[in-house]
Structure formats: structure tokens, C-alpha cells
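Below: the structure, in C-alpha cells.
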Amino acid sequence: MSDMLTIVDHPLIQHKLTILRNKETSIMQFRQVLREISFVLGCEVTKDLALGEIEIETPLEHTTAPYLEGKKLCFVSILRAGNGLLEGVLDLVPSARVGHIGLYRDPEMLEAVQYYFKTPDALGERQVIMVDPMLATANTAITAANLLKEKGARRIKFMSLVAAPEGVRAFSDTHPDIPIVTAALDRELNEYGYIMPGLGDAGDRMYGTK
Ligand code: URA
Numbered sequence: 181m182s183d184m185l186t187i188v189d190h191p192l193i194q195h196k197l198t199i200l201r202n203k204e205t206s207i208m209q210f211r212q213v214l215r216e217i218s219f220v221l222g223c224e225v226t227k228d229l230a231l232g233e234i235e236i237e238t239p240l241e242h243t244t245a246p247y248l249e250g251k252k253l254c255f256v257s258i259l260r261a262g263n264g265l266l267e268g269v270l271d272l273v274p275s276a277r278v279g280h281i282g283l284y285r286d287p288e289m290l291e292a293v294q295y296y297f298k299t300p301d302a303l304g305e306r307q308v309i310m311v312d313p314m315l316a317t318a319n320t321a322i323t324a325a326n327l328l329k330e331k332g333a334r335r336i337k338f339m340s341l342v343a344a345p346e347g348v349r350a351f352s353d354t355h356p357d358i359p360i361v362t363a364a365l366d367r368e369l370n371e372y373g374y375i376m377p378g379l380g381d382a383g384d385r386m387y388g389t390k
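Under our numbering, the sequence shown has 348 at position 168, and the numbering climbs by one with no breaks.
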């Protein structure tokens, strides 16, 4: 498998992922747990953010201490399921900029069709983190990364929740420079492009649609 893939096997993440996979989990709990899990995944995906130093006074003395440099982080949610991960990462970095890319999967061709694109400017100066829970065929993620690169993004990471081996291979073949952080690498895609065992359609599970 790609050496750009990181699987975060923290017990809390694995426990929460089991709750998300369970079809008996309610919409309310699904959203809540997705938010919690994205907070923990967000820690992994941001672990190499650049730190500078500032001078502060503690109650006891003057000291220098690490501080995040600038407001250079941009999360990009791939609509609509990406919004489920976005909330947790924004809990983690409330000052981050946010972009949205609207892509849906053509149900027959399983190809990504674009219907919306809005991102902050100066993407080339930012660490861009794309968020989408399901890395399945990777058509959507590949298209999203293409669009971000066309807009100037140079440092991109991809945070997902569940990945299929087929999706990881396809994404890393096209974008070998983009690290992927995920909570699980599942067995395979089925004939409809769903991840097995997976958790179903993440957007439907979040929003109660079919
Ligand atoms: N998108 C989903 O929401 N679930 C899958 O299993 C695959 C793609």
C-alpha cells in the first residue's frame, strides 16, 4: 500500500468508528461521533504544522513558548459528507480558513461531477487539508485535488475516515505528493462503489436521506 497512507489506530478512534459502522446508530449519534472522531483525526493530520515562538509572562516568569505561525491553514470540505468531518477539525482549529468543493458521484459512471467550488485565496501559501469521510473509488478526491492544484495549492493533505485499497492506490497514483490520513483501510469496494464493510453512505447516515 502507498507509503503516503497513515492509518490512525488510536483505541478511541477505533471504538468510535465501530459506532459509526453499526447500522443501528441513530443520525444524532452518528453526527456527534463523527465530530468527535474528526477531532482526533485532525490532531494527526495537523501534527507537523509549523510552530514559531512567542514571548509571554507566566504567573511566575518571562519565557518563550511555542505558538502556531500565522493563519495559514485551510480545510476544504468535499460536499456534502465532508461537512461531517469539518465540524470536528474546526473545533480543533477554530481560526482556520474553509473552502468547499461540491462534487457528486454519477451513480452509473461513478465519476465526479463538479457543481460548486469556493476556496479562500492564496492557497499556495496555505497548508490545505481536504476532508471527505469515504475514500472509495477516489474519483471525487482526485478531482478535488486537481481543482485545488489548479488554484495554486502546493501543500495538500487528505483526511478521510474509511478508505478502500482501490481508492488509496488510485489516489496515490495520481497525487503521489499528497499524504492520506484515515482511521481504517477496509477490504474492498463492491460493484456499486461502496466500501466493504464500510459504514454505508456517509451523507445519508449524517442527514437521514436515502
Ligand atoms: N461514499 C460513501 O458514502 N460510502 C461508501 O461506501 C462509498 C462512497
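Each residue gets a CB set at the ideal place from its N, CA and C atoms; glycine is no exception. No experiment lies behind these values; they were computed from the predicted model shown.
Hey, out of the options, whose CA is closest to residue i's CA?
i: Lys298; options: Met289, Ala324 and Asp286; result: Ala324
i: Ile258; options: Leu248, Val293 and Lys252; result: Val293
i: Val188; options: Arg215, Leu221 and Asn202; result: Leu221
i: Ile193; options: Met376, Arg285 and Gly268; result: Gly268
i: Asn202; options: Arg385, Met310 and Tyr374; result: Arg385
i: Lys331; options: Leu365, Val256 and Leu315; result: Val256
Provide the residue span of the alpha helix (DSSP H) that contains residue i, from first to last.
i: Leu265; result: Gly262 to Leu272
i: Val348; result: Pro345 to Thr354
Counting only the same chain and skipping the five closest in sequence on each side, list residues whose C-beta sits under 7 Å from that of residue i.
i: Thr205; result: Ile199
i: Pro300; result: Cys254, Arg277 and Gly279
i: Gln212; result: none
i: Lys252; result: Glu305, Arg306 and Gln307
i: Glu216; result: Lys196 and Gly268
Under a Cβ-count criterion, where at least 16 other Cβ atoms within 10 Å of its own Cβ denotes burial, should residue i be classed as buried or exposed?
i: Leu185; result: buried
i: Asp271; result: exposed
i: Asn263; result: buried
Ends of the beta strand (DSSP E) at residue i?
i: Ile258; result: Leu253 to Leu259
May I ask whether a heavy atom of the ligand MN can be found less than 7 Å away from the beta carbon of residue i?
i: Tyr374; result: With respect to the ligand MN, the structure offers nothing, as its ligand set consists of the ligand URA.
Using a Cβ-Cβ cut-off of 6 Å (strictly less than) and excluding sequence neighbours within five positions of residue i, which residues of its own chain qualify?
i: Ala333; result: Leu303 and Val308
Length-filtered (4 minimum) alpha helix (DSSP H) runs lying within the region 293 to 337
Taken in chain order, the unbroken stretches of alpha helix (DSSP H) that lie wholly in the region 293 to 337 and span 4 residues or more are 319 to 330.
Residue ranges of each alpha helix (DSSP H) run of no fewer than 4 residues wholly in the region 201 to 254, ordered along the chain?
Whole alpha helix (DSSP H) segments, 4+ residues: 207 to 225.
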